Amino acid sequence: MRGYIFDLDGTVYLGEQPIPGAAEAIAALRQRGDQVVFLSNKPIATRESYMEKLNRMGIPVSLEDVLNSSLVAARYLQSLCHPREKVLVVGEEPICKELIRHGIPLTEDPEEARYVLLSWDRGFTYEKLTRVFQAWMRGAEVIASNPDRTCPTEKGLLPDTGGIIGALEGVTGKPIQQVVGKPSSLMAEAAVEQLGVDCASCFVVGDRLETDIRMGNQAGMTSVLVLTGVSTREEAYTSCDRPRYIVESIAEVVDLE
Numbered sequence: 019m020r021g022y023i024f025d026l027d028g029t030v031y032l033g034e035q036p037i038p039g040a041a042e043a044i045a046a047l048r049q050r051g052d053q054v055v056f057l058s059n060k061p062i063a064t065r066e067s068y069m070e071k072l073n074r075m076g077i078p079v080s081l082e083d084v085l086n087s088s089l090v091a092a093r094y095l096q097s098l099c100h101p102r103e104k105v106l107v108v109g110e111e112p113i114c115k116e117l118i119r120h121g122i123p124l125t126e127d128p129e130e131a132r133y134v135l136l137s138w139d140r141g142f143t144y145e146k147l148t149r150v151f152q153a154w155m156r157g158a159e160v161i162a163s164n165p166d167r168t169c170p171t172e173k174g175l176l177p178d179t180g181g182i183i184g185a186l187e188g189v190t191g192k193p194i195q196q197v198v199g200k201p202s203s204l205m206a207e208a209a210v211e212q213l214g215v216d217c218a219s220c221f222v223v224g225d226r227l228e229t230d231i232r233m234g235n236q237a238g239m240t241s242v243l244v245l246t247g248v249s250t251r252e253e254a255y256t257s258c259d260r261p262r263y264i265v266e267s268i269a270e271v272v273d274l275e
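Going by my numbering, 163 is the number at position 145 of the sequence shown; the sequence numbering is gapless.
Okay, here's the thing in structure tokens:
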């Protein structure tokens with residue numbers, strides 16, 4: 019039995035459009051007894067919404083089949099926070115709900131924040147940057163949900179959490195302390211635990227060299243780059259994050275050894 023870790027945006031679908039052959043490929047893997055989990059860095063949607071979207075596309079999943087950076091961030095902060103410690107979030111409602119679900123107190127006051135969590139926020143403002151900078155100045159530890167610079171959609175690329183990380187690093191002159199999303203080992207461990215297989219038996223399939231492929235390589239998984247999202251074949255040939263396989267799309271994954 020093998021485990022397959024699939025990225026979502028740019029791998030299984032683009033926006034609201036499924037990649038041709040995605041549903042059939044995933045069904046074939048399951049039919050032969052392989053385990054499948056979906057792993058997304060995107061923090062602006064809930065796991066429930068991902069589950070509903072995949073089901074609409076003809077890919078039957080349960081909530082346990084879907085992991086995202088919001089969930090891993092919540093688990094990570096849950097392990098760090100002592101009683102009465104609070105988190106200042108730059109992010110949208112889905113990631114805030116995940117934190118609250120895990121019992122993590124939130125604040126907008128930089129003087130109260132023990133941790134800052136940066137994530138994709140389409141309402142990011144100078145005021146928000148000022149708040150997180152003030153929290154950092156007071157010693158708050160800064161964590162990011164994911165490092166992605168952009169997110170692929172059917173209409174092209176959109177700025178992602180990487181831009182917000184860059185804004186804070188630009189004013190502090192220091193790197194943030196932790197990123198929990200891909201390529202972090204925290205995401206790899208969450209996926210492997212859900213699959214119930216070891217890393218050597220896992221394929222990680224995604225469209226980004228610096229997140230999906232790097233995570234797979236660092237964890238000892240078989241890495242597969244699809245060309246339906248961000249990274250190109252030419253970039254893969256020259257990258258330090260070289261995939262084991264390069265395929266045109268998810269439809270070809272079933273035939274890999």
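Built from N, CA and C at the ideal position, the CB exists for glycine as well.
Computed from a prediction, not measured in an experiment: that's the story for all the values here.
Next item on the list: Helix, strand or coil for R119, going by three-state DSSP, please let me know.
Entry: Looking up residue 119 in the sequence shown gives position 101. Here R119 sits in helix by DSSP.
* **Among V30, A63, S58 and G21, the one whose alpha carbon lies nearest that of R50** => If you number the sequence shown from 1, residue 50 lands on position 32. Closest in alpha carbon position to R50, among V30, A63, S58 and G21, is G21.
Output yes or no for whether 9 Å exceeds the beta carbon distance between D25 and D225. Residue 25 sits at position 7 when you count from the first residue of the sequence shown. Residue 225 sits at position 207 when you count from the first residue of the sequence shown. Against a cut-off of 9 Å, the Cβ pair of D225 and D25 comes out as a contact.
Could you spell out the range, first to last residue, of the beta strand (DSSP E) harbouring A162? Here the question's residue 162 lines up with position 144 in the sequence shown. Segment E159 to A162, the beta strand (DSSP E) holding A162.
Query raised in the report: By DSSP, does N59 sit in helix, in strand, or in coil?
Result: The residue labelled residue 59 in the question sits at position 41 within the sequence shown. Taken through DSSP and simplified to helix, strand or coil, N59 comes out as coil.
*Where the alpha helix (DSSP H) containing S203 begins and where it ends*: As a first step, residue 203 is located in the sequence shown; it is residue number 185 there, counting from the start. Note, S203: alpha helix (DSSP H), S203 to L213.
Please list, in chain order, all residues of the same chain as A208 whose beta carbon is under 6 Å from its beta carbon, the five residues on each side excluded. Taking the sequence shown and counting its residues from 1, one reaches residue 208 at position 190. Cβ neighbours of A208 beyond the five flanking positions: L85 and V90.
Inset, instruction - Round the Cβ separation of P112 and P61 to the nearest angstrom and send it over; I've been treating them as touching at under 8 Å. - result: In the sequence shown, the residue the question calls residue 112 occupies position 94. In the sequence shown, the residue the question calls residue 61 occupies position 43. That belief holds up - the Cβ atoms of P112 and P61 are roughly 7 Å apart, short of 8 Å.
Problem - the stretch 74 to 85 / the stretch 150 to 165 touching (three or more Cβ pairs under 8 Å) - result: no
Tell me the DSSP secondary structure of D27 in three-state form. Your numbering for residue 27 matches position 9 in the sequence shown. Residue state, collapsed to three classes: strand.
Self-check item: Residues near S267 by beta carbon distance below 6 Å, same chain, minus five either side
Solution: Residue numbering aside, residue 267 sits at position 249 when the sequence shown is read from its first letter. Here the set comprises I37, V244 and T246.
inquiry  = Determine whether the beta carbon atoms of M233 and S202 lie at a separation below 9 Å.
reply    = What you label residue 233 is simply residue 215 of the sequence shown in a count that begins at 1. What you label residue 202 is simply residue 184 of the sequence shown in a count that begins at 1. Closer than 9 Å, so yes.
Could you pull the start and end residues of the beta strand (DSSP E) that F221 belongs to?
-> Start at 1 with the first residue of the sequence shown, and residue 221 comes out as number 203. Start and end: C220 to G224.
### Residues that DSSP places opposite P101 in a beta bridge
The sequence position of residue 101 within the sequence shown is 83, counting from 1. Partner(s): none; P101 has no beta bridge.
Subject >> Secondary structure of L245, DSSP reduced to three states >> reply: For the purposes of this step, residue 245 is identified with residue 227 of the sequence shown, where counting begins at 1. Note: L245 maps to coil in three-state DSSP.
Report the rounded CA-to-CA distance for S80 versus Y68, giving the unit in angstroms.
Within the sequence shown, residue 80 is the residue found at index 62, counting from 1. Within the sequence shown, residue 68 is the residue found at index 50, counting from 1. Approximately 10 Å, taken between the alpha carbons.
Own chain residues within Cβ distance below 8 Å of V189, not counting five before or after: Looking up residue 189 in the sequence shown gives position 171. Same-chain partners within the cutoff: L147 and F151.
Taking 8 Å as the threshold, find out whether the stretch 27 to 34 comes into contact with the stretch 209 to 222 through three or more Cβ pairs.
-> Touching, no, given that fewer than three Cβ pairs across the two stretches are closer than 8 Å.
* **Beta-carbon spacing of E126, R149 below 9 Å** => As a first step, residue 126 is located in the sequence shown; it is residue number 108 there, counting from the start. As a first step, residue 149 is located in the sequence shown; it is residue number 131 there, counting from the start. Yes. Within cutoff.
Three-way DSSP call (helix, strand, coil) for R48 in this model = Looking up residue 48 in the sequence shown gives position 30. R48 falls in the helix class under three-state DSSP.
> Measuring CB to CB, does G199 end up less than 9 Å from S87?
Replying inline: Taking the first residue of the sequence shown as position 1, residue 199 is located at position 181. Taking the first residue of the sequence shown as position 1, residue 87 is located at position 69. Closer than 9 Å, so yes.
Among M205, E159, V210 and E270, nearest to E187 - alpha-carbon criterion: On the sequence shown, position 169 is the one that residue 187 refers to. Checked all of M205, E159, V210 and E270; the closest Cα to E187 is E159.
### Query
Distance, Cα to Cα, Q195 vs Q35?
Walking along the sequence shown from the start, residue 195 turns up at place 177. Walking along the sequence shown from the start, residue 35 turns up at place 17. Roughly 36 Å between the two C-alpha positions.
State the Cα-Cα distance for the pair E70 and H120, rounded to the nearest angstrom.
-> Taking the first residue of the sequence shown as 1, we reach residue 70 at position 52. Taking the first residue of the sequence shown as 1, we reach residue 120 at position 102. Near 22 Å, if we compare the C-alpha coordinates of H120 and E70.
### Per DSSP, the bridge partner or partners of L85
As a first step, residue 85 is located in the sequence shown; it is residue number 67 there, counting from the start. DSSP, once it has assigned bridges, lists L57 as partnering L85.
### Message
Which runs of the beta strand (DSSP E) at least 3 residues long sit entirely within the stretch 176 to 202? Give them in chain order.
### Response
none
Measure the Cβ-Cβ separation of L47 and V242 and say whether it is below 9 Å.
For this step, residue 47 is matched to residue 29 along the sequence shown. For this step, residue 242 is matched to residue 224 along the sequence shown. Contact flag unset, no.
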